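> There's a structure below that I have some questions on.
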Amino acid sequence: MSTYTEPLVALARFASPVEAHLAKGRLEVAGISSVVSNEASIGEVELLVASSAVDEAIAVLGGTRAVRALRSSRAPEETALCLICRSSFLIPEEGSAVWRIFRGLMLSVLPLPSEWFHSRTVRCGVCGHRWKEERSSRDASHGVLASEQYGDRLRGRRR
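Here's what the structure looks like:
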């Protein structure tokens, strides 16, 4: 087992350990060492790399759905920075599995706005500092988020 002298950063999240190990194999072929985290737990499995190798690892796995999802779920890099280390690699946290199950049950039984149950906690991918994210008017508008996510497809159909 190798030791890491710099902090590890979550590069991607996968639904199963098999997908994470396949991505880890692609990184090892490129000469980037990585660690699969939470593989024995129920829920998402994370692929961790050294903070200095993040850009190279994204170049190797950039087309992977899990890397794209993690990069798109991050806060905008030009406005959001970690308060401690000033890093722009921010990861929104969903909460525990118990909270996600409770949230799903509540939303399926009661007609409540889903914004009430979404976590606004952000974690720095470099130093691990956590804080509550301030809500903005952008978060309340689902149309803006959908157009950002599917912008190219929507623009193509309109013309």
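If you read the sequence shown in this note's numbering, its first letter stands for residue 3, the second for the next number, and so on.
Even for Gly, the Cβ is constructed at its ideal location relative to N, Cα and C.
Small disclaimer: the values here were computed from a predicted structure and weren't measured.
(1) Which residue marks the beginning of the beta strand (DSSP E) containing Arg88, and which one marks its end?
(2) What's the gap between the Cα of Gly130 and the Cα of Leu112?
(3) In chain order, what residues of the same chain have a beta carbon less than 7 Å from the beta carbon of Ala55, not counting five sequence neighbours either side?
(4) Could you say which of Leu83, Val124, Val47, Glu8 lies nearest to Leu24 if we only look at CA atoms?
(5) Please state the DSSP three-state secondary structure of Glu48.
(6) If you compare alpha carbons, which of Glu41, Ala42, Ser89 is closest to Val11?
(7) For Ser110 and Val100, I'd like the C-alpha separation in whole angstroms.
(8) Does the Cβ of Leu63 have 16 or more other Cβ atoms within 10 Å, making it buried, or fewer, making it exposed?
(9) What distance in whole Å lies between the Cβ atoms of Val124 and Pro1, which are believed to be in contact at a cut-off of 8 Å?
(10) Hey, out of Asn40, Ser18, Ser43, Ala52, whose CA is closest to Leu29's CA?
(11) Looking at the secondary structure, which residues open and close the beta strand (DSSP E) in which Ser43 lies?
(12) Roughly how many whole angstroms lie between the Cα atoms of Val20 and Ala32?
(13) Determine the burial state of Ile93: buried for a count of at least 16 other Cβ atoms within 10 Å of its Cβ, exposed for fewer.
(14) Count the other CB atoms within 10 Å of the CB of Val146; is the residue buried (16 or more) or exposed (fewer)?
(15) Going by beta carbon distance, what residues of the same chain come within less than 7 Å of Glu58, once the five residues before and after it are set aside?
Straight from the coordinates:
(1) Premise fails: Arg88 is in no beta strand (DSSP E) and is neither H nor E.
(2) 35 Å
(3) Ile34
(4) Val47
(5) strand
(6) Ser89
(7) 15 Å
(8) buried
(9) For residue 1 there is no data in the structure shown, the boundaries of the chain being 3 and 161.
(10) Ala52
(11) Here Ser43 belongs to no beta strand (DSSP E), and DSSP marks it neither H nor E.
(12) 19 Å
(13) buried
(14) At Val146, the pLDDT of 35 sits below 50, so the modelled position is not reliable and the matter cannot be decided from this model.
(15) Ile34
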